[in-house]
Every structure is written in structure tokens, then in C-alpha cells.
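**Q**
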Amino acid sequence: MEVNKTLYLQEWQSKNSFYLFIHCLFFFSCADLGKEEKLPPSRPFQTQFEVEDFSSAVECQACHPTHYDEWASSMHAYSMKDPVWLSLQRHEHQVHEEIGIELGDFCVQCHSPVAALTDAITDHNSFTLSEKI
Ligand code: HEC
Ligand code: HEC
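Below you can see the structure in the form of C-alpha cells.
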């Protein structure tokens, strides 16, 4: 009998905790909804870029000399001037075009993010440095 009583009590307690939990959940979800309404409907972010919107890497050099040196001597910094890079990217475009895939800015998005964001390259098979990328 004593065991049954304890079990009943435990069950009653856990039921009450459950209802308390549900009430809290309801209360906090309402509070959260209230908070969300105060957010602006959309956050402004830039979708169109000009080359002038970007700083030159040299401007970072004064405060980040180590990062600048590491980057400046890497192949990444030279890819737009590197004949190996230019010919590999041309080759990839041709190979993909043959199987019906347009690579677009795929390589350029990393190798010249500024060119990718400003849509500077119109023809990926024949662009030259004179296009000032
Ligand atoms: C006037 C000095 C100054 C210039 C110029 C500057 N930075 Fe910084 N930058 C800082 C400082 C200070 C920090 C914070 C470093 C820290 O918290 O340890 C920082 C942090 C950063 C970080 C974040 C690093 C991290 O751990 O999150 C990046 C990325 C960065 N700078 C990139 C740039 C780039 C790219 C440029 C050039 C366009 C630039 N910075 C120009 C002073 C400068
Ligand atoms: C997600 C970013 C990303 C994409 C996309 C990407 N690359 Fe790279 N690529 C890199 C990084 C990072 C390196 C290493 C740079 C270094 O070692 O300094 C690199 C290195 C290279 C190199 C050797 C270094 C050089 O400049 O000669 C070549 C060539 C190259 N990539 C060509 C391509 C081609 C072609 C494509 C498109 C098919 C492409 N990459 C797409 C990030 C990327």
C-alpha cells in the first residue's frame, strides 16, 4: 500500500511539473513573438558593387603587415596575372562548355572576388588584364 501511495504521489508531481513546463513554454513563446515584431522587416545589405567600393590590399598593410606579406607572396595574389591560372581557367571553361555547363564566375569568385562582385568579366574565355580586374 505504502509503495502505491508513493508511486501515486510521484506520478502526480510529474504531471504537475509537466503542466508547469507547458505553461512556461507558452509564456516564453509569447514573449519571443513580441520580441520578433520589433525587428525591422528587412536588413539593408549591398547587392550591387563598383570596383571603387573596395579598398586596395595596400591599405590593409599598415595594420596587418604579416597577413599582407603572406598574401602578397602567394600564388593567389597573382592569379589574375598568372599565365598558368589564366590558361587553366580558359581550359576549364572550354571543357565545361562542351558538356553544356556554364562556369561563369566560378573560378573568379575566389581568384578575384572584386571582379566577380562587379561583373567585370564578360567573356571568361578571352579576358585580358587590360580589362583592369
Ligand atoms: C587602422 C588599422 C587597420 C587597418 C587599416 C585594417 N585593419 Fe583589419 N583589423 C584591425 C584591428 C585592430 C583588428 C582587430 C584585431 C584583433 O581583434 O585581434 C582587425 C581585424 C581584422 C579582421 C578580423 C580578424 C578576426 O579574427 O576576425 C579582418 C578579416 C581584417 N581586419 C581585415 C582587414 C582588411 C581586409 C583590411 C584592408 C581592407 C584591414 N583589415 C585594414 C586594424 C586594421
Ligand atoms: C573556393 C575558392 C576557389 C575556387 C572556386 C577556385 N579556386 Fe583556385 N585556388 C584557390 C586557393 C585558395 C588556391 C591556393 C592559392 C595559394 O596557394 O596561394 C588556389 C589555387 C589555384 C591555382 C594554383 C595557383 C595559381 O594561381 O597558379 C590555380 C591554377 C587555380 N587555383 C585555378 C582555379 C581554376 C581554373 C578554378 C575554376 C575551375 C579555381 N581555381 C577555382 C581557391 C579557389
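Reminder that position 29 of the sequence shown reads as 28 in numbering that gives the first Met the number 0, one-by-one numbering, no gaps.
Just so it is clear, CB atoms sit at the ideal spot from N, CA and C, and this is done for glycine as well.
Bear in mind the structure is a predicted one, so any value in this text is a computation, not a measurement.
(1) Please classify H123: is it buried, with 16 or more other beta-carbons within 10 angstroms of its beta-carbon, or exposed?
(2) Using only the alpha-carbon positions, how far apart do A115 and F48 sit?
(3) Relative to ligand 2, what is the chain-ordered list of residues with a Cβ closer than 5 Å to any of its non-hydrogen atoms?
(4) Take the Cβ of H63 as the centre, count every other Cβ of all protein chains shown within 10 Å, and call the residue buried at 16 or more, exposed below.
(5) Using a Cβ-based criterion (distance less than 8 Å to any ligand heavy atom), does E101 qualify as near ligand 1?
(6) Do you know how far the Cα of M74 is from the Cα of C59?
(7) Got a list of residues with beta-carbon closer than 6 Å to any non-hydrogen atom of ligand 1, in chain order?
(8) Is DSSP giving A166 helix, strand or coil here?
(9) Quick check on C59: does DSSP put it in helix, strand or coil?
**A** Reading from the atomic positions:
(1) For the purposes of this step, residue 123 is taken as residue 124 along the sequence shown, with counting starting at 1. Answer is buried; the Cβ neighbour count reaches 16.
(2) Counted from its first residue, the sequence shown places residue 115 at position 116. Counted from its first residue, the sequence shown places residue 48 at position 49. Straight-line Cα distance between these residues: approximately 10 Å.
(3) Result: S73, M74, H75, S78, D81, V83, W84, L87, Q88, E91, C106 and C109.
(4) Walking along the sequence shown from the start, residue 63 turns up at place 64. Classification of H63: exposed, given that the 10 Å Cβ count is below 16.
(5) Against the sequence shown, residue 101 aligns to sequence position 102. It does not: the Cβ of E101 is nowhere closer than 8 Å to a heavy atom of ligand 1.
(6) Along the sequence shown, one-based indexing puts residue 59 at 60. Along the sequence shown, one-based indexing puts residue 74 at 75. Near 19 Å, if we compare the C-alpha coordinates of M74 and C59.
(7) This selection yields S54, E58, C59, A61, C62 and H63.
(8) Residue 166 cannot be examined here, being either before or after the span of the chain that is shown, 0 to 132.
(9) Taking the sequence shown and counting its residues from 1, one reaches residue 59 at position 60. DSSP places C59 in helix when its eight states are reduced to three.
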